[in-house]
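**Student:** Quick one: this structure, given as structure tokens, is what I'll be asking you about.
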Amino acid sequence: MGKTLKKSVVDLISECRHRSTEKEVIGCLKGLFEKTNNGMVSYELGHEYEKLGKNKEAVKYYEEAEFLFGQDSFKNMARAAINNIVIEALIAENRKKGSKK
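Given below as structure tokens:
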């Protein structure tokens, strides 16, 4: 049963990704997340927000995904996404400080 459920969630995520606009994609994923409370859906929401540069929202969904995932490999994937956002923010801040000198 678990494998079928995961496949159907993956299929539903794919359907959301094929929406016309980012707003529609996010709206579809949010609706799916409300119905499923699934870590992969939360991860995909984080990814969509990250693509839009909305890092605060992205981290929120990545953290939720990390909490919801059962397997360590998926938890690590979510944690890596969070770490990448933090690292990119630090690099951007250092560049900003460097250009002021």
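Quick note: the sequence shown uses our numbering, first residue 15, plus one each step. Beta carbons are placed, not taken as given, at the ideal position from N, Cα and C, and that holds for glycine.
Should Gly53 be labelled buried (16 or more other beta-carbon atoms within 10 Å of its own) or exposed?
**Tutor:** buried
**Student:** Output needed for Ala72: all residues of its chain with C-beta closer than 7 Å, excluding positions within five of it in sequence on either side, in chain order.
**Tutor:** Gly60, Tyr63, Glu64, Ile99
**Student:** Note down, in chain order, each residue of its chain lying with its Cβ closer than 7 Å to the Cβ of Lys70, except the 5 sequence neighbours on either side.
**Tutor:** Within its own chain, no residue has a Cβ closer than 7 Å to the Cβ of Lys70 once the five positions on either side in sequence are excluded.
**Student:** Between which two residues does the alpha helix (DSSP H) harbouring Asn52 extend?
**Tutor:** From DSSP, Asn52 is part of no alpha helix (DSSP H); its letter is neither H nor E.
**Student:** Measure how close the beta-carbons of Tyr76 and Ile96 come, nearest whole angstrom, since I'm counting them as under 8 Å.
**Tutor:** 5 Å
**Student:** In three-state terms, what does DSSP make of Gly67?
**Tutor:** coil
**Student:** Going by CA-CA distance only, name the one from Glu36, Lys110, Val24 that's closest to Gly67.
**Tutor:** Glu36
**Student:** Closer than 8 Å, CB to CB, is Ile99 near chain B or not?
**Tutor:** Protein chains in the displayed structure number just one, and chain B is not present.
**Student:** Determine whether the beta carbon atoms of Ala141 and Phe83 lie at a separation below 8 Å.
**Tutor:** The structure shown does not extend to residue 141, since the chain is modelled only from 15 through 115, so no value can be given for it.
**Student:** Quick check: the Cα distance between Phe88 and Glu58, rounded to an integer number of angstroms?
**Tutor:** Rounded to whole angstroms, Phe88 to Glu58 spans 12 Å at the Cα level.
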